[in-house]
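UniProt numbering applies: residue 2 is where the sequence shown begins, and numbers increase by one.
A virtual CB, placed ideally from N, CA and C, is assigned to each residue, including glycine.
Computed from a prediction, not measured in an experiment: that's the story for all the values here.
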Amino acid sequence: TSTPTAQSCELSSALFERARAVTPGGVNSPVRAFNAVGGTPRFIGSARGAWLTDVDGNEYVDLICSWGPMLLGHAHPEVVAALQAAAARGTSYGTPTEGEVALVEEIVRRTPVERLRLVSSGTEATMSAIRLARGFTGRDVVVKFAGCYHGHVDALLASAGSGLTTFSIPGTPGVPESSTALTLVLPYNDRDAVTAAFAEHGDRIACLITEAAPGNMGVVPPDPGFNKFLSETCREHGALFVSDEVMTGFRVSASGQWGTDGANEGWTPDLMTFGKVMGGGLPAAAFGGRADVMHHLAPEGPVYQAGTLSGNPLATAAGLATLRLADDGVYAHIASVADTLRTGIADAFGAAGVAHRIQSTGSMFSVFLTDRPVRDFADASTTDTVAYGAFFHAMLDRGVHLPPSAYESWFVSAAHDDRAVQAVLDALPDAARAAAAT
Ligand code: PMP
């Protein structure tokens with residue numbers, strides 16, 4: 002076990018104060034604010050490989066990896082070199098470039114999409130995929146699952162009303178009821194709810210969108226065959242199946258979650274969305290799929306979608322360098338790191354007597370502090386967030402930066418070597434005891 006290092010957070014605290022004076026909550030994306038776990042977020046000054054260094058000079062093993070993108074670790078020399086070379090050629094032209102073609106070709110090679118369009122964030126990707134699905138089908142209703150996050154798209158920021166197939170109410174002020182009134186929210190992994198919703202509303206449903214394997218309520222893998230069932234149900238009713246691989250894409254396998262189910266079971270989504278890893282830490286995302294559907298996008302077709310920085314030369318350079326380096330060895334390495342960590346986590350919580358469930362898809366995993374299997378959002382909500390907060394801070398004090406929320410996936414990278422893994426293993430027993438003490 003390890004003792005906490007004497008961390009000073011003076012400079013992080015001062016920056017957080019400055020930030021709060023000019024930015025809501027002091028952060029540019031809510032979960033960074035530590036609201037779920039309390040305390041002061043660490044302002045990072047630099048990062049290399051598996052390690053973050055904050056502005057006070059404290060070092061942390063990074064198990065956030067920018068919420069997924071940093072598959073190769075931070076500041077990978079070849080990615081940095083590709084970025085430097087791209088920057089020297091100019092940062093944005095507003096005209097087509099070879100880099101865009103090459104990145105799209107690489108994604109088409111790895112996935113079942115026939116045509117792909119680049120955008121700058123996962124939110125844009127899902128928003129555009131839904132618009133295209135509605136434009137293509139001439140229908141309005143969108144089906145999603147409770148606990149799946151697809152970015153802050155109005156129609157997808159919906160929480161379920163009462164009853165399984167009730168049209169939903171907005172999950173946040175600022176989203177008009179009219180935006181979510183066409184969104185059906187169902188419990189994840191619930192075939193009966195899907196069947197019932199399509200039986201009642203099938204001829205109005207433009208698409209069903211799902212995380213290919215949910216990672217935004219913690220990791221809740223699809224039951225075997227669930228994605229195939231969704232794909233078939235959509236087809237039966239003339240709706241499009243949209244698989245959101247923003248988080249799982251190029252991380253769960255070389256071809257994402259689809260590589261572990263659809264590729265073996267012989268089905269393909271009608272549309273897919275990607276982000277995170279494909280941008281190598283820069284803003285890049287994409288949506289794509291069936292050629293006959295994508296053909297409806299402007300300028301070929303009538304469904305409008307555009308972006309000043311879409312396919313940005315820096316983002317495509319970082320993404321392409323990342324994907325080209327993401328070979329079988331990388332996926333084998335992160336799988337083995339995740340395995341070692343899962344074993345250490347289970348041992349530590351077991352020894353401390355803390356009820357826990359570790360759930361994974363590939364190297365993506367999360368730790369629920371609950372004693373029941375987590376198959377949907379209701380199950381996920383039973384996790385002990387107070388105990389997680391204590392665990393999180395004990396890990397942070399011992400130099401391990403976990404996601405500051407109990408409902409997030411943990412991410413590892415190709416740069417998580419024995420030293421980084423050992424630092425996590427050393428911190429776990431004390432941190433599990435801290436969770437037990439809550
Ligand atoms: N879809 C999924 C599955 C995601 O995990 C996320 C982001 N966590 C998004 C969409 C939205 O992506 P972005 O934050 O780039 O808008």
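Annotated three-state conformation of asparagine 217 is strand, per DSSP. Under the three-state reduction of DSSP, proline 42 is assigned to coil, being neither helix nor strand.
Within its own chain, the residues whose Cβ lies closer than 7 Å to the Cβ of valine 355, once the five positions on either side in sequence are excluded, are Leu370, Ala388, Ala433, Ala436 and Ala437, listed in chain order. Between the ligand PMP and aspartate 245, a heavy atom-to-CB distance of less than 6 Å is present. A Cβ-Cβ contact shorter than 7 Å links valine 56 with glycine 46. For glutamate 18, the distance from the CB to the nearest heavy atom of the ligand PMP is not below 6 Å.
Residue environment for aspartate 245: buried (at least 16 other C-beta atoms within 10 angstroms of its C-beta). Just so you know, the alpha carbons of alanine 156 and serine 180 end up roughly 5 Å apart.
Relative to the non-hydrogen atoms of the ligand PMP, the Cβ of asparagine 313 never comes closer than 6 Å to any of them. Looking at Phe242, Val114 and Pro223, the one whose alpha-carbon comes closest to that of aspartate 377 is Pro223. A residue is called buried when at least 16 other Cβ atoms come within 10 angstroms of its Cβ; proline 225 does not meet this threshold and is exposed. If you draw a straight line from the Cα of glutamine 306 to the Cα of alanine 82, it is about 32 Å long.
Judged by the Cβ position, asparagine 217 qualifies as a neighbour of the ligand PMP at the 6 Å threshold, a heavy atom of the ligand being closer than this. With a 10 Å radius around the Cβ and a threshold of 16 neighbouring Cβ atoms, histidine 402 comes out buried. Between the C-alpha atoms of threonine 54 and histidine 394 there is a straight-line separation of about 17 Å.
Ranked by Cα distance from alanine 147, the first of His153, Ala255, Ala159 and Tyr61 is Ala159. Residue state for alanine 307 is assigned as coil, using DSSP reduced to three classes. Proline 374 and leucine 117 have their C-alpha atoms some 37 Å from each other. For the pair proline 42 and arginine 33, the CB atoms are nearer than the 7 Å cut-off.
Between leucine 315 and threonine 92, the CB-CB gap stays under 7 Å. Take the alpha-carbon of proline 303 and the one of serine 129: they are about 13 Å apart. Rounded to whole angstroms, the separation of the alpha carbons of tryptophan 259 and cysteine 208 is 18 Å.
For the set Gly152, Ala349 and His357, the Cα lying nearest the Cα of threonine 384 is the one of His357. For aspartate 63, the three-state secondary structure derived from DSSP is strand. Annotation note: the segment 200-277 contains the following uninterrupted alpha helix (DSSP H) runs of length 4 or greater, listed N- to C-terminal: 227-237 and 263-266. Closest in alpha carbon position to threonine 98, among Leu133, Ile131 and Thr317, is Thr317.
If you ignore the 5 residues before and after isoleucine 335, its C-beta comes within less than 7 Å of the C-beta of Ser364, Val413, Ser414 and Ala415, all in its own chain and listed in chain order.
In this structure the segment 131-151 does not lie against the segment 317-327, because fewer than three pairs of beta carbons, one per stretch, are closer than 8 Å. Remark: C-beta atoms of alanine 287 and phenylalanine 275 approach each other more closely than 7 Å.
If you draw a 10 Å sphere on the C-beta of arginine 420, you find fewer than 16 other C-beta atoms in it, and that means exposed. Looking at the DSSP output, threonine 54 sits in a beta bridge with Ser47 and Glu60. Remark: the C-beta of glutamate 212 is in contact range of the ligand PMP, defined as less than 6 Å to any heavy atom. DSSP, reduced to helix, strand and coil, places phenylalanine 168 within a strand of the structure shown.
Straight-line measurement puts the Cα of alanine 213 at about 16 Å from the Cα of valine 186.
Between the beta-carbon of phenylalanine 168 and that of threonine 184 there is about 7 Å, and that keeps the pair under the 8 Å contact cut.
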